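A.B. asks: Chains as they are written, first to last, in full-length UniProt numbering: chain A, 1 to 430; chain B, 1 to 430. Yeah, the Cβ is synthetic: ideal placement off N, Cα and C, and Gly gets one too. Predicted model, so just to flag it, every value in this text is computed and none were measured.
Protein chains: 2
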Amino acid sequence: MAVQTVASNADTAASPVDLGPAAALSCRECGHRVPLGPVFACEECFGPLEIAYDFSAYDTEELRRRIEAGPANIWRYAPLLPVPADVATKPNINPGWTKLVKADNLARELGVTGGLYVKDDSGNPTHSFKDRVVAQALEAARAFGFTTLSCSSTGNLAGAVGAAAARAGFRSCVFIPHDLEQGKVVMAAVYGGELVGIEGNYDDVNRFCSELIGDPAGEGWGFVNVNLRPYYAEGSKTLAYEICEQLGWRLPDQIVVPIASGSQLTKIDKGLQELIKLGLVEDRPYKIFGAQAEGCSPVSTAFKAGHDVVRPQKPDTIAKSLAIGNPADGPYVLDIARRTGGAVEDVTDEQVVDAIRLLARTEGIFAETAGGVTVGVTRKLIENGVLDPALTTVVLNTGDGLKTLDAVAGTGLTATIRPNLDSFREAGLA
Amino acid sequence: MAVQTVASNADTAASPVDLGPAAALSCRECGHRVPLGPVFACEECFGPLEIAYDFSAYDTEELRRRIEAGPANIWRYAPLLPVPADVATKPNINPGWTKLVKADNLARELGVTGGLYVKDDSGNPTHSFKDRVVAQALEAARAFGFTTLSCSSTGNLAGAVGAAAARAGFRSCVFIPHDLEQGKVVMAAVYGGELVGIEGNYDDVNRFCSELIGDPAGEGWGFVNVNLRPYYAEGSKTLAYEICEQLGWRLPDQIVVPIASGSQLTKIDKGLQELIKLGLVEDRPYKIFGAQAEGCSPVSTAFKAGHDVVRPQKPDTIAKSLAIGNPADGPYVLDIARRTGGAVEDVTDEQVVDAIRLLARTEGIFAETAGGVTVGVTRKLIENGVLDPALTTVVLNTGDGLKTLDAVAGTGLTATIRPNLDSFREAGLA
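1. Given 8 Å as the limit, is there contact between the segment 95 to 115 of chain B and the segment 377 to 386 of chain B, that is, 3 or more CB pairs closer than that?
2. Checking contacts by CB at 8 Å: is Leu-110(B) closer than that to chain A?
3. Within 10 angstroms of its Cβ, does Gln-246(B) collect 16 or more other Cβ (buried), or is it exposed?
4. What do you reckon, are the CB atoms on Leu-280(A) and Arg-132(A) nearer than 8 Å?
5. How would you list, in chain order, the residues of chain B whose beta-carbon sits under 8 Å from the beta-carbon of Asp-204(A)?
6. Report the three-state DSSP secondary structure of Ile-198(A) (helix, strand or coil).
7. Can you list, in chain order, the residues of its chain with a C-beta nearer than 7 Å to that of Thr-147(A)? Leave out the 5 residues immediately preceding and following it.
8. So, is Gln-182(A) buried or exposed, given that buried needs 16 or more other C-beta atoms within 10 angstroms?
9. Can you tell me the Cα-Cα spacing of Glu-363(B) and Val-226(A), whole angstroms?
10. Pick helix, strand or coil for Lys-99(B), following the three-state DSSP scheme.
11. Fully enclosed by the segment 247 to 334 of chain B, which beta strand (DSSP E) runs are 3 residues long or longer?
12. Find the nearest neighbour of Gly-193(A) within the set Gly-155(A), Gly-218(A), Ser-150(A), Glu-211(A), judged by alpha-carbon distance.
13. Figure out for me which residue from Ile-356(B), Val-395(B), Ser-423(B) has the closest Cα to the Cα of Ala-189(A).
14. Out of curiosity, what's the CA-to-CA distance linking residue 450(A) and Ala-323(A)?
15. Any beta-carbon of chain A closer than 8 Å to the one on Asp-121(B)?
16. Per DSSP, Ser-172(B) forms a beta bridge with which residues?
17. Classify Cys-30(A) as buried or exposed, calling it buried when 16 or more other Cβ atoms lie within 10 Å of its own Cβ.
18. Looking only at its own chain, which residues have a Cβ that is under 7 Å from the Cβ of His-178(A), when we skip the five neighbours before and after it?
19. Compare the beta carbon distance of Ala-430(B) and Ala-217(A) with 8 Å and say whether it is the shorter of the two.
20. From which residue to which residue does the alpha helix (DSSP H) around Leu-118(A) run?
21. Taking just the CA atoms, how far does Tyr-202(B) sit from Pro-125(A)?
22. Once you ignore the five residues that flank Thr-404(A) on each side, which residues in its own chain have a CB closer than 6 Å to its CB?
23. Answer yes or no: does any C-beta atom of chain B fall closer than 8 Å to that of His-178(A)?
24. Label Asp-59(A) either buried or exposed according to how many other C-beta atoms from any shown protein chain fall within 10 Å of its C-beta, with 16 as the threshold for buried.
25. Please go through the same chain and pick out, in chain order, the residues whose beta-carbon is closer than 8 Å to the beta-carbon of Thr-340(A), but skip the five residues on each side of it.
26. Let me know the secondary structure DSSP gives Phe-223(B) once reduced to three states.
27. Using beta carbons (cut-off 8 Å, strictly below), is Pro-38(A) in contact with chain B?
28. For Leu-157(B) and Tyr-332(A), I'd like the C-alpha separation in whole angstroms.
29. Starting from the Cα of Pro-389(B), find the closest Cα among Glu-294(B), Val-256(B), Thr-411(B) and give me that residue.
30. On the DSSP letters alone, give me the boundaries of the beta strand (DSSP E) that Glu-50(A) sits inside.
31. Just grab the DSSP bridge partners of Pro-177(A) for me.
32. Please name the residue in Pro-419(A), Asp-253(A), Leu-278(A) whose C-alpha comes closest to that of Glu-62(A).
33. Consult DSSP for Ser-236(B) and reduce its assignment to one of helix, strand or coil.
34. Which of the three DSSP states is assigned to Val-17(A) in this structure?
35. Give me the Cα-Cα distance between Leu-413(B) and Leu-195(A), rounded to the nearest whole angstrom.
36. Restricting to Cα atoms, I'd like to know which of Gly-376(B), Asn-420(B), Gly-70(B), Gly-114(B) is closest to Trp-97(B).
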């Protein structure tokens, strides 16, 4: 199936497309280059394709001014993304430029003295970082003449695809397991696209989508995380760009990133490297830390065991948005964590919930379970002496607590009183 | 009780506080002025107090530059708000500068040709416009030396107060009816403050809070929407400022605002008037339209009947965040709608749900029921020939659909299939 997909789509891609500084697709494994198109696997070695850019014409100071004068969303970085120069004028959900919160209360609790920041992606249009990657995939879909935006999903991605397609005037068709919780179905369905329940589990949904891409029935369909994956994945670079710009064009010393497929972490590293090469930030060391839930910790397990390969696991954790048991970019994550002097760590579901509460109580940020994973792992890494509390540290919150209310369902009233002052005093509230 | 509150708190307020351009409190009814302090009712006539400013020193172009160089949140307007000049350096949740979405798809559906925009306040930190008013009340609480932030609430306000207090290091104590839905309790409780259930309905909660303010037990407590109300209410002006700046320092021709207490609408008008007086926008006519749900439409009813007074109603609508049956600012809303050539209209719960779906389907924005009210009323006003589709129109969405999922609970899968292409084709999805 993969061979067929690569061949047929590469033909389609022969027509020239304007994706700004994106010059070609390049294999991460063997370096083989092919023209820009809706393909995701190398025809030579089946390695993952990623975007190769031509940034050679940029003058550093001019680029910095251009970025700073840009819109308050990811399109301020259009010169560094696979999008046309006029991308900001096209209908899209325009995510990004989310708050980098100086988390002084959390820093005190964790003993961080070097400056602690939370990059809070719950501020995106559908309240997760997925808006960044979907907005990017949408521009690729437009460039390739696709008319339907699609994906397989169990949560955040479905809403992001539905919303972006609605705004941009694309048809959308999202595939989910048929027995998903009703709340998640509503969140995905409200945008009015096709929402198709598949009688099977998430693996069945994914298998079906791969089949559909190779079939004439899937013609004109952009699957954001399959045939548009090389473009989609670049959206995560914007997290790195924003963090550095918001720090005053400075690299953080340490950054803690959640790991699902591992793509986000690898693209954040790619983004930081680009900023260094472009001269937008000083070239100095930074450490990238990966965060997983114990119930789905294949990369953390491999890191601790000193392995280069990642052994798949069957996920069992409340951090469902990170529950990928066989993460495609796992080996790259291991490589980056080791190369930068970082680490990969995991926390229990109980620690995830504690961390959600800790972040809410100290900074007023209500995070999804994935945010509980990064904050929990940050705490654990500090306790274990792995993360240096004297250095500037950025922790990612990639989603919104309103989407995983069940995780903190035990939280409730601190007191119940009758509506009078005596009852108030009796409860010790005065 | 009101007299006692006015007197005792006016004494406290004698010490000078730095709230920037705020010069005094002025009675909206009789114009009587008192020093800035935690008081909300005129000692002469019991009319509502509001902030009087001294803007006399401002040069228009210098002010415009100062605003444009400010942070991407409401504090860019610090020169026009009751806050100290260095407010942006203090710990707060920093709401605002939310997206003004050019809603071309929705415009086509509604037949608007003059430009239709949605001001989407679901992008605020706790995903409702309440963050604007709470952030403002918090600064007043800080100035007056309060250490506890409090409110009565049944929803959005509780979360906004909890989050802001957490970030700013205040104690919080939020009062809610004891039998609120579990989801809402969780959202309010997660920030870790006191969350007190009152055995009674929302009226009982409010009565108890008034009692507490007049009692020594409530000393040092800032009730954001009671004794801090004059400051709190000013937060809504920032919606007017942002809309005009985002339109390129231009007044919209028409603006559709939801009505709960009516405070938001009156302060938006105040904000627009200030911009005109300061020379930041051209002085030309604008129309303000108020939007209510039929099940709680006291202002709409009075408007249509040509009355100057508002007759209380017992609310029965899914738009719970607007369900104030006896809106304090109702008469002012009537006045503004009539003076500007606007109107007040209401829609049924069914129309609210349709409008939520319409906005999601056309623009990828998932609104709270209050957003369904404004979009639904906009549609109705166009159909009735009251709102001119050839003019620039801004519709407010003040909250997030994730908080009122029940409203669209009927939304679901468009198809269920087996994981194979035959089943896909049978369902007519190809």
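C.D. replies: Taking the geometry as given:
1. yes
2. To locate residue 110(B), count along the second sequence from 1; it is residue 110. Closer than 8 Å: no.
3. Numbered from its first residue, the second sequence carries residue 246(B) at position 246. Answer is buried; the Cβ neighbour count reaches 16.
4. Within the first sequence, numbered from 1, the residue matching residue 280(A) stands at position 280. Within the first sequence, numbered from 1, the residue matching residue 132(A) stands at position 132. No, the pair does not count as a contact, with Cβ atoms beyond the cut-off.
5. Position 204 of the first sequence, counted from the first residue, corresponds to residue 204(A). Neighbours of Asp-204(A) on chain B, chain order: Pro-419.
6. Residue numbering aside, residue 198(A) sits at position 198 when the first sequence is read from its first letter. Three-state DSSP puts Ile-198(A) in a strand.
7. The residue given as residue 147(A) occupies position 147 in the first sequence. So the qualifying residues of the chain are Phe-170, Arg-171, Gly-220.
8. Locating residue 182(A) in the first sequence gives position 182, counting from the first residue. The residue in question, Gln-182(A), is exposed, as its Cβ has fewer than 16 Cβ neighbours within 10 Å.
9. Walking along the second sequence from the start, residue 363(B) turns up at place 363. Walking along the first sequence from the start, residue 226(A) turns up at place 226. Approximately 25 Å, taken between the alpha carbons.
10. Against the second sequence, residue 99(B) aligns to sequence position 99. Residue state, collapsed to three classes: coil.
11. 254 to 258, 287 to 293
12. Within the first sequence, residue 193(A) is the residue found at index 193, counting from 1. For the residues Gly-155(A), Gly-218(A), Ser-150(A), Glu-211(A), the minimum Cα distance to Gly-193(A) belongs to Ser-150(A).
13. In the first sequence, residue 189(A) corresponds to position 189, counting from 1. Ala-189(A) has its Cα closest to that of Ile-356(B), out of Ile-356(B), Val-395(B), Ser-423(B).
14. The structure shown has nothing for residue 450(A), since chain A only spans 1 to 430.
15. Locating residue 121(B) in the second sequence gives position 121, where the first residue counts as 1. Taking Cβ atoms only, chain A never reaches closer than 8 Å to Asp-121(B), which makes this a no.
16. Along the second sequence, read from residue 1 onward, the residue named residue 172(B) stands at position 172. DSSP lists Leu-149(B) as partners of Ser-172(B).
17. Within the first sequence, numbered from 1, the residue matching residue 30(A) stands at position 30. Answer is exposed; the Cβ neighbour count stays below 16.
18. Translated into the one-based positions of the first sequence, residue 178(A) becomes position 178. Correct list, in chain order: Gly-197, Ile-198, Glu-199.
19. Looking up residue 430(B) in the second sequence gives position 430. Looking up residue 217(A) in the first sequence gives position 217. Yes, the pair counts as a contact, with Cβ atoms nearer than the cut-off.
20. For this step, residue 118(A) is matched to residue 118 along the first sequence. Before going on, a small fix: residue 118(A) reads as Val here, not Leu. No alpha helix (DSSP H) contains Val-118(A), which is instead part of the beta strand (DSSP E) from 116 to 120.
21. On the first sequence, position 125 is the one that residue 125(A) refers to. On the second sequence, position 202 is the one that residue 202(B) refers to. Roughly 32 Å between the two C-alpha positions.
22. Mapped onto the first sequence, residue 404(A) falls at position 404. So the qualifying residues of the chain are Glu-368, Thr-369.
23. Counting from one through the first sequence, the residue named residue 178(A) turns up at place 178. It does: the Cβ of His-178(A) has a partner Cβ on chain B nearer than 8 Å.
24. Stepping through the first sequence from its first residue, residue 59(A) is reached at position 59. Exposed, because fewer than 16 other Cβ atoms sit within 10 Å of the Cβ of Asp-59(A).
25. In the first sequence, residue 340(A) corresponds to position 340, counting from 1. Only Asp-269, Pro-285, Tyr-286, Lys-287, Ile-288 meet the Cβ criterion.
26. For the purposes of this step, residue 223(B) is identified with residue 223 of the second sequence, where counting begins at 1. Strand.
27. Locating residue 38(A) in the first sequence gives position 38, where the first residue counts as 1. No, no contact with chain B.
28. Walking along the second sequence from the start, residue 157(B) turns up at place 157. Walking along the first sequence from the start, residue 332(A) turns up at place 332. So the alpha carbons of these two residues sit roughly 44 Å apart.
29. As a working note, residue 389(B) is residue 389 in the second sequence. Answer by Cα proximity: Val-256(B).
30. Start at 1 with the first residue of the first sequence, and residue 50(A) comes out as number 50. Where Glu-50(A) is concerned, the enclosing beta strand (DSSP E) stretches over 49 to 53.
31. The sequence position of residue 177(A) within the first sequence is 177, counting from 1. The partner list for Pro-177(A) (beta bridge, DSSP) reads Ile-198(A).
32. Taking the first residue of the first sequence as position 1, residue 62(A) is located at position 62. Considering only alpha carbons, the answer is Leu-278(A).
33. In the second sequence, counting from the first residue as 1, residue 236(B) sits at position 236. Three-state result, Ser-236(B): coil.
34. Taking the first residue of the first sequence as 1, we reach residue 17(A) at position 17. Looking at Val-17(A) - three-state DSSP - the assignment turns out to be coil, as it is neither helix nor strand.
35. Here residue 413(B) refers to the residue found at position 413 when the second sequence is read from its first residue. Here residue 195(A) refers to the residue found at position 195 when the first sequence is read from its first residue. One C-alpha to the other measures close to 5 Å.
36. Numbered from its first residue, the second sequence carries residue 97(B) at position 97. Measuring from the Cα of Trp-97(B), the nearest candidate turns out to be Gly-70(B).
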